[in-house]
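In the working numbering, the protein residues as written are 13 to 540.
Here it is as structure tokens:
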């Protein structure tokens, strides 16, 4: 099973924002990729977020982003460490508490969910980093020490931006820290393609389409990647793994660090009955009253056991079929040549070679991807590093530097997790991601304080690092040493209930917004 380790999450608020600013800027500039997560004050009309029309869905998101705010921002910077075994990353995680200076709507169910998961509203209103939404108001995004300037530094870093189920996140980031959201979706995607030239990556899309896990909510995907990463420890195969290193903060800086302990992930019992709703979506309408288990580790264990059982069953069926064919062939051995006793081929039933698969029949992402196509369980936290490497003077040096397709799918689709109701809001944001605003599970079902933007950003980044390691494994023969990102998920954002993702591109029929053009002149002098 997976090993335990401790993740230092730096708590950033208005009192220490200026002090930590140089370290955060250097972390962004020197990272290989950046993972981001947000906590929001609400989402508005949930049903409209699943509108059949993507344009209508975008309009609903725009209304939410303009009328609500970001309460907390998580940033996880993953820096590839050279001359280390496999894929080793130095990880720095920041959890920023924010306070919008304008009026905004906060929804009661948002407050309830966040409080149940340890969010401190008293701290937010007392120490939140102030900011204004939309276009520039009374200052430049290019100068000063404020959250909008930090977002500008993120753009200037030109690093891949990683999110989980990220359409709502990126829309809120745009509206809160960049400019007013454009009215048209095509204009929005055109702007994003220039804002992030290194690409946007959605780990929910990666989990469903590349990794093909049985479920894709954040906690499940993270723990499944962590488990598969550890399984290669005893594997004899020559495969790649993910290793993590963390800065060790001491002295005055230690006051700002919250340590998140990640247990080994051993379920109490593999025989307990799990909640099918929580197993599939990461939430349950019964909340703490649900008599079934919400243990994600147990859910993953039972999913893996179910896959093994199905695989063995199919193997027995194939052997049985092969045995029957051999028996039939022995009966036909004495038949005259070109004649089969009692059997005649019906010429009208011959296969038509011109009948091709309909390319318009796309796979439904709400149907479970083939769980038998398991990813290589190669990855393991570095045991030689004891999971937390002491990188001396890490933060101090940063501050000083700144001064300078398978047929088995048909059987697997019988799994209960394919029975997803698109009329609910399960898949949009009601998962163990950042803006789950319903009365989900509380302290009795989840660890108190476990739902934080910083740690969620770390989990998002870990999933991406794991998926990239698998891509690199396939390219080992090419002897490529540079960072390789999954080409299949480049600029693809997951859309719940849709067969295809949202492609972040600038088409020939769309133009960039005027506000964005002005920003680009400020950020990059006109060109990304």
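The beta-carbon is built from N, C-alpha and C at its ideal position, and this holds for glycine as well.
Starting from the C-beta of residue 467, find all residues in its chain whose C-beta is less than 8 Å away, skip the five residues before and the five after it, and write them out in chain order.
Numbered from 1 along the chain shown, position 455 holds the residue referred to as residue 467. Excluding residues within five positions, the ones whose Cβ falls inside 8 Å are 19, 21, 86, 105, 107 and 272.
Find out if the Cβ-Cβ distance for the pair residue 212, residue 475 is shorter than 8 Å.
The residue labelled residue 212 in the question sits at position 200 within the chain shown. The residue labelled residue 475 in the question sits at position 463 within the chain shown. No, these two residues do not count as a Cβ contact at 8 Å.
Out of 506, 479 and 34, state which residue places its alpha-carbon closest to the alpha-carbon of residue 10.
With the chain covering only 13 through 540, there is no way to say anything about residue 10.
Considering just the uninterrupted stretch of the alpha helix (DSSP H) at residue 181, what are its terminal residues?
Residue mapping note: residue 181 aligns to position 169 of the chain shown, counting from 1. Element bounds for residue 181: 179–189.
How many Å lie between residue 4 and residue 477 at the Cα?
Since the first and last residues shown for the chain are 13 and 540, residue 4 lies out of range.
Do residue 167 and residue 535 have their C-beta atoms closer together than 8 Å?
Residue numbering aside, residue 167 sits at position 155 when the chain shown is read from its first letter. Residue numbering aside, residue 535 sits at position 523 when the chain shown is read from its first letter. Closer than 8 Å, so yes.
Can you give me the Cβ contacts of residue 36 inside the same chain, cut-off strictly under 7 Å, excluding the 5 residues immediately before and after it?
Walking along the chain shown from the start, residue 36 turns up at place 24. So the qualifying residues of the chain are 106 and 162.
Which residue wins for smallest C-alpha separation from residue 147, given the options 179, 100, 197 and 191?
Counting from one through the chain shown, the residue named residue 147 turns up at place 135. When each option's Cα is compared against that of residue 147, the closest is 191.
Are the CB atoms of residue 136 and residue 83 nearer to each other than 8 Å?
By one-based count along the chain shown, residue 136 stands at place 124. By one-based count along the chain shown, residue 83 stands at place 71. Closer than 8 Å, so yes.
State the start and end residues of the unbroken beta strand (DSSP E) segment that holds residue 20.
Position 8 of the chain shown, counted from the first residue, corresponds to residue 20. Segment 17–24, the beta strand (DSSP E) holding residue 20.
According to DSSP, is residue 415 part of a helix, a strand, or is it coil?
On the chain shown, residue 415 is found 403 positions in, with the first residue counted as 1. Only weak support is given to the placement of residue 415: the predicted model assigns it a pLDDT of 43, under 50, and the question is left unresolved by the model.
Which same chain residues end up closer than 7 Å to residue 373 when comparing Cβ atoms and leaving out the 5 residues on each side of it in sequence?
Stepping through the chain shown from its first residue, residue 373 is reached at position 361. Unreliable positioning characterises residue 373 in this predicted model, as indicated by a pLDDT of 41, which lies under 50. The coordinate reading is nonetheless provided below. Correct list: empty, nothing qualifies.
Between the Cα of residue 505 and those of 315, 24, 23 and 175, spot the shortest distance and give me the residue it belongs to.
Position 493 of the chain shown, counted from the start, is the residue given in the question as residue 505. Out of 315, 24, 23 and 175, 175 has the C-alpha closest to the C-alpha of residue 505.
Considering only residues of the same chain and omitting the five flanking positions on each side of residue 32, which have a CB-CB separation below 6 Å?
Here residue 32 is taken as the residue at index 20 of the chain shown, counted from 1. The residues are 24.
Mapping the DSSP letters down to three states, classify residue 49 as helix, strand or coil.
Walking along the chain shown from the start, residue 49 turns up at place 37. Here residue 49 sits in strand by DSSP.
Over the uninterrupted alpha helix (DSSP H) stretch that includes residue 139, give me the two end residues.
Within the chain shown, numbered from 1, the residue matching residue 139 stands at position 127. Where residue 139 is concerned, the enclosing alpha helix (DSSP H) stretches over 133–139.
Output needed for residue 464: all residues of its chain with C-beta closer than 6 Å, excluding positions within five of it in sequence on either side, in chain order.
One-based indexing of the chain shown puts residue 464 at position 452. Cβ within range, chain order: 107.
Taking the alpha-carbon positions, what's the residue 27 to residue 532 distance?
To locate residue 27, count along the chain shown from 1; it is residue 15. To locate residue 532, count along the chain shown from 1; it is residue 520. Looking at the two C-alpha atoms, the distance is approximately 31 Å.
Going by DSSP in three states, residue 78 sits in which element: helix, strand or coil?
In the chain shown, counting from the first residue as 1, residue 78 sits at position 66. In this structure, residue 78 counts as helix in the three-state DSSP scheme.
Flag this pair as yes or no: are the beta carbons of residue 241 and residue 253 separated by less than 8 Å?
To locate residue 241, count along the chain shown from 1; it is residue 229. To locate residue 253, count along the chain shown from 1; it is residue 241. Result yes, Cβ atoms of residue 241 and residue 253 sit closer than 8 Å.
Pick out whichever of 95, 217, 114 and 45 has its Cα sitting closest to the Cα of residue 507.
Position 495 of the chain shown, counted from the first residue, corresponds to residue 507. Here the closest residue by C-alpha is 217.
Start and end of the beta strand (DSSP E) containing residue 100?
Residue mapping note: residue 100 aligns to position 88 of the chain shown, counting from 1. Looking at the DSSP string, the run of the beta strand (DSSP E) that includes residue 100 is 99–112.
In terms of residues, what are the limits of the beta strand (DSSP E) holding residue 274?
Walking along the chain shown from the start, residue 274 turns up at place 262. Start and end: 269–274.
Can you tell which of 285, 126, 50 and 497 has its C-alpha closest to the C-alpha of residue 189?
Here residue 189 corresponds to residue number 177 of the chain shown, with the count starting at 1. It is 50 whose Cα lies nearest to the Cα of residue 189.
Whole angstroms is fine: what's the gap from residue 97's alpha carbon to residue 261's?
The count along the chain shown starts at 1 and reaches residue 97 at position 85. The count along the chain shown starts at 1 and reaches residue 261 at position 249. Distance between the alpha carbons of residue 97 and residue 261: 24 Å.
Could you say which of 239, 145 and 482 lies nearest to residue 274 if we only look at CA atoms?
The residue given as residue 274 occupies position 262 in the chain shown. Answer by Cα proximity: 239.
Relative to the C-alpha of residue 185, which candidate in 81, 99, 43 and 473 has its C-alpha closest?
As a working mapping, residue 185 is identified with position 173 in the chain shown. If we check each option's Cα against that of residue 185, 81 comes out closest.
When the Cα atoms are used, what is the spatial distance from residue 497 to residue 170?
Here residue 497 refers to the residue found at position 485 when the chain shown is read from its first residue. Here residue 170 refers to the residue found at position 158 when the chain shown is read from its first residue. Going by the C-alpha atoms only, they are around 14 Å apart.
Name the residue from 207, 41, 74 and 29 whose alpha carbon lies nearest to the alpha carbon of residue 524.
As a position in the chain shown, residue 524 is number 512, starting the count at 1. Cα-wise, what sits closest to residue 524 is 207.
By DSSP, does residue 521 sit in helix, in strand, or in coil?
Sequence index remark: in the chain shown, residue 521 carries index 509 (1-based). Coil.
Could you name the residues of the same chain whose beta carbon sits closer than 7 Å to that of residue 522, not counting the 5 residues immediately before and after it, in chain order?
As a first step, residue 522 is located in the chain shown; it is residue number 510 there, counting from the start. Taken in chain order, the residues that qualify are 198, 199 and 202.
Would you check if the distance between the CB atom of residue 17 and the CB atom of residue 141 is smaller than 8 Å?
Mapped onto the chain shown, residue 17 falls at position 5. Mapped onto the chain shown, residue 141 falls at position 129. No, these two residues do not count as a Cβ contact at 8 Å.
Excluding the 5 residues preceding and the 5 following residue 376 in the sequence, name in chain order all residues of the same chain whose CB lies nearer than 6 Å to its CB.
Translated into positions along the chain shown, residue 376 becomes position 364. With a pLDDT of 46 at residue 376, under the threshold of 50, the modelled position of this residue cannot be trusted; read the value that follows with caution. If we look at residue 376 and ignore the five residues flanking it on each side, its Cβ neighbours are 511.
Quick one: residues in its chain with C-beta nearer than 6 Å to the C-beta of residue 44, no 5 flanking neighbours on either side, listed in chain order?
For the purposes of this step, residue 44 is taken as the residue at position 32 of the chain shown. Contacts found: 90, 91, 92 and 495.
Going by C-alpha to C-alpha distance, which of 255, 518, 313 and 230 sits closest to residue 48?
Residue numbering aside, residue 48 sits at position 36 when the chain shown is read from its first letter. Selected option, being the one with the closest Cα: 230.
Quick check: the Cα distance between residue 214 and residue 181, rounded to an integer number of angstroms?
Residue numbering aside, residue 214 sits at position 202 when the chain shown is read from its first letter. Residue numbering aside, residue 181 sits at position 169 when the chain shown is read from its first letter. If I take the Cα positions, the gap works out to 11 Å.
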